[in-house]
Amino acid sequence: MEPIPVLTGKRIVLGVTGGIAAYKVATLASHLTQAGAVVDVVMTQAGQRFVAPLTFHALTGRPVYTDLWSAPGEGLPTHIAHVGLAHAADLMLIAPATANTLAKLVTGLADNLLSTLALAARCPVLVAPAMDVGMWANPATQSNAATLRTRGVHFAGPARGRMASGLEGEGRLVEPEELLGHVRWVLGRRGDLAGRRAVVTAGPTREPVDPVRFLSNPSSGRQGFALAQAALDRGAKVTLVTGPTHLATPVGAQRVDVTTAQDMLEAVLSAVEGVDVLLMAAAVGDYRPTKMEAQKMKKTAADLTMHLTPTPDILSAVAQARGPTGYPRALVGFAAESENLLENARTKLAAKRLDLIVANDITAPDAGFAVGTNRVTLVDTDGNAEQLPLMSKAAVAEAVLDRIDCILRGGTERDHA
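Residue numbering for the sequence shown follows our numbering, beginning at 1242 and increasing consecutively.
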């Protein structure tokens, strides 16, 4: 895992209470640490019965706090552990959060280090409940959860599934990857795009030929999803319009699933009114069959001729609608080319009236479709072309969002640099 900007240098107090799901939290602690966060783990006595403190010490490289009278670690603002940890934290996360712990948070009971920290905390608090089906469904627990929400406590889950007891239902701890997304969403609320609205398109489109066949391309949607996540990390409210893909929705994004180019056009025009940013990262097919066959076409020995017609031009439609409204304030397109990269990108930039275009050579190794990395060139309206080295699609998304932040503030690429 590479460093994640919204997590880098952030201090997170990770409270681990007594539930079988504590084993999952070890993975989360590792992910947070690898992403650049400073993780201080606080364990209740019950939590230590499921996972040893040494496990978290090895994964985070930091002391693990297990007692109200623990000595403080390095870098805390006071010699009193429960005060120093609480005041230094950017986020307090309790996972798993048992029914007992939720009740303590509601009543303000401070009988161990974790519940005392919760009272002293000045940072956002995120809880990830995990308990058996009946315990979560009990009116007392539901009332406690509702009370905490009214006090501004954030909740991640619980999820539905099989319990350790063998019962099925709601009460499972959300998976570490999803929980990481909740952490990013909470920490990103005050980012440089806070209060902004963004629409991101991602993935391929599919144009039906007959009931079982379609025309498409190998886009995985990774670059678009990375852009949506980067915008969320900076505090934007994100609508993600995506073609068919198996990628998980970034926590906090409103997802709109589409299939054809016409579907995507309608979804984008519906979502784009009043937004600040449109990022058109989807690989929209340029042509569709003139006619969809009602029945499956049978294979024969004869050659097959198919008549195609252009699909709607989504960027041109947005640019036309943008004229009278001025929205989106930043319009970013993508150009996947196999030749004449800069020439074709600059032509598209002008023709579609874009503010920025992200161009990539789909013939380059380790870049383009269906891989986790990309090698792009950013071309702006001043004629500047910045070629970025091969990097992850998450890093490409951060570079693009840096330019967007500058555009929205009325600056130039040079101002941003």
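C-beta: ideal position from N, C-alpha, C; glycine also.
Exercise. Identify the continuous alpha helix (DSSP H) that holds Val1641 and give its terminal residues.
Key: Here the alpha helix (DSSP H) through Val1641 covers Lys1634 to Leu1649.
Quiz item: Using the C-alpha atoms, what's the distance from Val1415 back to Asp1656?
Solution: Because Asp1656 sits at a pLDDT of 44, beneath the cut-off of 50, its placement in the model cannot be relied upon, and the point is left open.
Quiz item: Is the beta carbon of Asp1498 less than 7 Å from the beta carbon of Gly1429?
Solution: Going by beta carbons, Asp1498 and Gly1429 fall outside the 7 Å limit.
Exercise. Tell me where the beta strand (DSSP E) around Asn1601 begins and ends.
Key: In the DSSP assignment, Asn1601 falls within the beta strand (DSSP E) that extends over Leu1597 to Asp1602.
Self-check item: Those runs of the beta strand (DSSP E) which lie wholly inside the region 1333-1406 and span at least 3 residues
Solution: Runs of beta strand (DSSP E) with 3 or more residues, each lying fully within the region 1333-1406, are found at 1366-1370 and 1400-1403, listed in chain order.
Exercise. Determine whether the Cβ of Ala1471 lies closer than 7 Å to any Cβ atom of chain C.
Key: The question asks about chain C, but that chain is absent: this structure has only one protein chain.
Quiz item: To which residues of the same chain is Thr1268 closer than 6 Å at the C-beta, ignoring the five residues directly before and after it?
Solution: Result list for Thr1268: Pro1417, in chain order.
Quiz item: Out of curiosity, what's the CA-to-CA distance linking Ala1494 and Ala1611?
Solution: Approximately 22 Å between the Cα atoms of the pair.
Self-check item: Length of the line joining the Cα atoms of Ala1646 and Glu1639
Solution: In the sequence on display, residue 1646 carries Asp and not Ala. One Cα belongs to Asp1646, the other to Glu1639, and the distance between them is close to 10 Å.
Quiz item: Counting along the chain, where does the beta strand (DSSP E) carrying Phe1297 start and finish?
Solution: For Phe1297, there is no enclosing beta strand (DSSP E); the enclosing alpha helix (DSSP H) has its first and last residue at Pro1294 to Thr1301.
Quiz prompt | Gly1277 in three-state terms, based on DSSP | solution = Coil, per DSSP.
Practice problem: Return yes when the Cβ of Val1441 is within less than 7 Å of the Cβ of Ala1477, no when it is not. | Solution: Between Ala1477 and Val1441, the CB-CB gap reaches or exceeds 7 Å.
Quiz item: Does the Cβ-Cβ distance between Leu1354 and Val1283 come in under 7 Å?
Solution: Contact flag set, yes.
Practice problem: Report buried or exposed for Lys1540, applying the criterion of at least 16 other Cβ atoms within 10 angstroms of its Cβ. | Solution: Lys1540 should be labelled exposed.
Quiz item: On the three-state DSSP scale, how would you describe Ile1555?
Solution: Helix, per DSSP.
Exercise. Starting from the C-beta of Val1513, find all residues in its chain whose C-beta is less than 8 Å away, skip the five residues before and the five after it, and write them out in chain order.
Key: Within the same chain, Val1513 has close Cβ partners Val1440, Leu1519, Val1559, Ala1562, Tyr1568 and Pro1569.
Quiz item: Does the region 1365-1372 come close enough to the region 1390-1403 to have 3 or more Cβ pairs within less than 8 Å?
Solution: Verdict: yes, contact present.
Practice problem: Between the Cα of Val1620 and those of His1487, Thr1501, Ala1405 and Ala1586, spot the shortest distance and give me the residue it belongs to. | Solution: Proximity to Val1620 across His1487, Thr1501, Ala1405 and Ala1586 peaks at Ala1586, based on C-alpha coordinates.
Quiz item: Using a Cβ-Cβ cut-off of 6 Å (strictly less than) and excluding sequence neighbours within five positions of Thr1249, which residues of its own chain qualify?
Solution: Gly1277, listed in sequence order.
Practice problem: Enumerate in chain order the residues of its own chain whose CB-to-CB distance from Tyr1528 is below 8 Å, with the five nearest sequence positions on each side excluded. | Solution: Closer than 8 Å at Cβ, skipping near neighbours: Glu1448, Leu1456, Leu1549, Thr1550, Pro1551 and Thr1552.
Quiz prompt | C-beta atoms of Lys1634 and Ala1467 nearer than 7 Å | solution = In contact: Lys1634 and Ala1467 (Cβ atoms closer than 7 Å).
Practice problem: Name the two residues that bound the continuous beta strand (DSSP E) containing Thr1483. | Solution: Boundaries of the beta strand (DSSP E) harbouring Thr1483: Lys1478 to Thr1483, taken from the DSSP string.
Quiz item: Hey, how far is the Cα of Lys1593 from the Cα of Val1573?
Solution: In this structure, the straight-line span from the alpha carbon of Lys1593 to that of Val1573 is close to 10 Å.
Exercise. Compare the beta carbon distance of Ser1460 and Ala1524 with 7 Å and say whether it is the shorter of the two.
Key: In this structure, Ser1460 sits near Ala1524, with a CB-CB distance shorter than 7 Å.
Self-check item: Same chain only: Cβ atoms within 7 Å of Cys1364, ignoring 5 sequence neighbours per side
Solution: Excluding positions up to five away in sequence, the list reads Ala1330, Asp1331, Leu1332 and Met1333.
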